[in-house]
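Counting from 1, position 223 in the sequence shown corresponds to residue 223 in the UniProt record's numbering; the numbering is continuous, with no gaps.
Beneath this line is the structure, given in structure tokens, with notes to follow.
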Amino acid sequence: MPDAVPDSGLPGTVPITQAAAGVEIAGAADPGWTDPAGAEPPAAKATATLVLVAAAGLTVSLPMSLLVPVLPQLALKMHTSATSTEWLLTATLLTGAVAVPVFGRLADLYGKKRVLAAALVIYLAGSLICAFTDDIAVMIAGRAVVGLSVAAIPIGISLVGSVLPASRAGQGIALVSAMLGVGGALGLPVAGVIAQHADYHVLFWICIAGGAITLGGIVALVPEPPVSGHGKLDPPGTLLLAVALTSLLLPLAQASVWGWGNLKTAGLLAASAVLLVTFVLVERRRASPVIDVVANARPALLLTNLASAAVGFALFAVLLGTANFVETPAAAGYGFGSSIMVGGLCLVPSGLFMLLLSPVSAQLSARFGPRVTLALGAAVVATGFLARFFLVAHLWEVVAGTAITGAGTGLAYSAMPSLILRAAPPGELAAANGLNSLARMTGSSLASALGGTVLTSQTVTLAGYAFPSLAAYRMLFAICAAAALAGAATALTIPSSSAAADAFLNPAD
């Protein structure tokens, strides 16, 4: 079970010191922290902190899938190609992947609330750029800016773990962690409704409204815990990491366009391998690395991130294989010829289950340990994909299978931060959570690349349009079930935790 966080000074917090626990607590900064006035913040302030940080996570995760249903509409209105509009997704992915570990390190060094607020300001700036343009190049730039804000989720996880009372921190962390999946699942139905009834710019104004409200609340109400990190930012390491991740994720995002055998794809993937090895060798010698590669090579962190990547793979495939599936004409041998709005709404139960099961995940982690919860969640995800493999005749069967995968994702995503919390080095909690988010995003990127290849490998033609065949979808679902089971098996190999973790997950009220 996961290691403890320090006493935040909020009511109900159980102080856990290194002497009492017998270990050095990850993220511990000041076990006696109180607000600047010296008084303990009320329970209402703790609730407001959780609600606002979770809302921030939901807000910044929405854009990850928000434009997917309207890409064809954007191509027509902007008089550009489908390849160009796909960069609206690719740009967000690339900048987000680079931002999560770097912003996490900044949060450890300069303050979690401060960097979280900065991420939301960046989110608003990028959304405003998109809201006021019809130019594809400008909108791609705006989406790239928006992608930087994805770092708000891992920062929020570490902020909640540092501020909430120990009796509530487990459930709070689980809730914020689940927002990455919830936002992705709810982005599609929101976009589907807007696409049928309003101009696509409304999507960006929804983001702006949510970001502004959340930013104002965080600035006014959320306390700033003591800065726990030491050292300084490593610009050369940051640049090397950015180039390495771009070299890895760009060919994955463009694989369906370039082809796996294309020289650009192979060259960039080879370059990414060399650059990542170089990054590890360089950062091992840094006194203040952007990512502590030695610490993150520990089995507890490494295996957690590998399992997270597997679950991230499965989550994106849910988005990839649901809306288009139900929108396909029944003449293809499956599908229901549904509208974009109905296709998006089919994902609502999945998002709701992710949200509702986050507190259940915290309770299971307290009882059985987070590695068991992570393994259980991944197994439930696999069950959902097996249901999708066999049950295709009725719309409710598709929705049920998708809901099951959402339930499993909610359990798994909510358990991951607890595993990170117990194993991360002191003062590097936000950076470690950022790396975990990067693992999830990398899994999703691989799902996008591999899923696109699988779905285009076998097609049927109707009225001049090519649709993936049922066999292609079933192949995708089988791959996802296997990935989820691999994630479950990996989770069970994560080393068990110390007594200090039990104190965090099972605080004495």
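Even glycine gets a Cβ: it sits at the ideal position worked out from N, Cα and C.
Can you look up residue i in the DSSP assignment and give me helix, strand or coil?
i: T461; result: strand
i: M78; result: coil
i: S247; result: helix
i: S339; result: coil
i: W260; result: coil
i: V392; result: coil
i: L52; result: helix
i: G333; result: coil
i: G384; result: helix
i: V290; result: coil
i: C207; result: helix
i: S496; result: coil
i: T133; result: coil
i: V145; result: helix
i: C480; result: helix
i: K113; result: helix
i: K45; result: helix
i: residue 510; result: Because the chain spans 1 through 509 in this model, residue 510 falls outside it and cannot be assessed.
i: P36; result: Unreliable positioning characterises P36 in this predicted model, as indicated by a pLDDT of 45, which lies under 50. A coordinate reading is not provided.
i: T322; result: coil
Please name the residue or residues paired with residue i in a DSSP beta bridge.
i: residue 513; result: Since the displayed the chain opens at 1 and closes at 509, residue 513 lies outside it and no answer follows.
Measuring only the C-alpha atoms, how far is residue i from residue j?
i: W87; j: P417; result: 30 Å
i: L221; j: I213; result: 12 Å
i: G333; j: W396; result: 17 Å
i: P225; j: A287; result: 24 Å
i: N433; j: A403; result: 26 Å
i: residue 511; j: R298; result: Outside the displayed range of the chain (1 to 509) lies residue 511, so it cannot be described from this structure.
i: A489; j: A131; result: 44 Å
i: I340; j: V280; result: 44 Å
i: V219; j: A431; result: 22 Å
i: K113; j: T47; result: 16 Å
i: T236; j: L275; result: The sequence shown places Pro at residue 236, not Thr. Computed Cα separation, rounded: 13 Å.
i: M139; j: T493; result: 44 Å
i: A484; j: A412; result: 10 Å
i: V282; j: V293; result: 10 Å
i: L269; j: A415; result: 31 Å
i: G170; j: A54; result: 14 Å
i: A314; j: L356; result: 19 Å
i: S358; j: L352; result: 10 Å
i: V102; j: V150; result: 11 Å
i: S81; j: A75; result: 6 Å
i: S361; j: A407; result: 10 Å
i: A144; j: Q458; result: 33 Å
i: A307; j: G487; result: 4 Å
i: R168; j: A366; result: 12 Å
i: T59; j: L215; result: 10 Å
i: G321; j: V227; result: 43 Å
i: M354; j: F204; result: 24 Å
i: V182; j: A44; result: 25 Å
i: A125; j: L391; result: 44 Å
Please report the Cβ distance between residue i and residue j, rounded to the nearest whole angstrom; I am assuming they are in contact, meaning their Cβ atoms lie under 8 Å.
i: P69; j: G192; result: 5 Å
i: A91; j: G147; result: 6 Å
i: G344; j: A317; result: The Cβ separation is near 16 Å, so there is no contact.
i: I291; j: L89; result: With a Cβ gap of about 25 Å, I291 and L89 do not count as contacting.
i: L462; j: P329; result: 6 Å
i: V176; j: V160; result: 5 Å
i: T409; j: V348; result: The Cβ separation is near 14 Å, so there is no contact.
i: S272; j: T456; result: 24 Å between Cβ atoms; not a contact.
i: V398; j: F467; result: Their Cβ separation, rounded to whole angstroms, is 16 Å, which puts V398 and F467 out of contact at 8 Å.
Between residue i and chain C, is the shortest Cβ-Cβ distance under 8 Å, so that the two count as touching?
i: A220; result: Among the chains of the structure shown, chain C does not appear; only one protein chain is present.
How about the region 472 to 486 and the region 367 to 374: do they share at least three Cβ pairs that are nearer than 8 Å? The region 472 to 486, when compared against the region 367 to 374, does not touch it at the 8 Å Cβ threshold.
Pair every Cβ in the region 123 to 143 with every Cβ in the region 244 to 256, then say whether three or more of these pairs are closer than 8 Å. Touching, no.
Indicate whether the contact test is met: 3 or more Cβ pairs, each with one atom in the region 381 to 393 and one in the region 147 to 157, closer than 8 Å. Short answer: they don't touch.
Touch test, the region 442 to 457 against the region 250 to 268, Cβ-Cβ under 8 Å, three pairs minimum: The region 442 to 457 vs the region 250 to 268: in contact.
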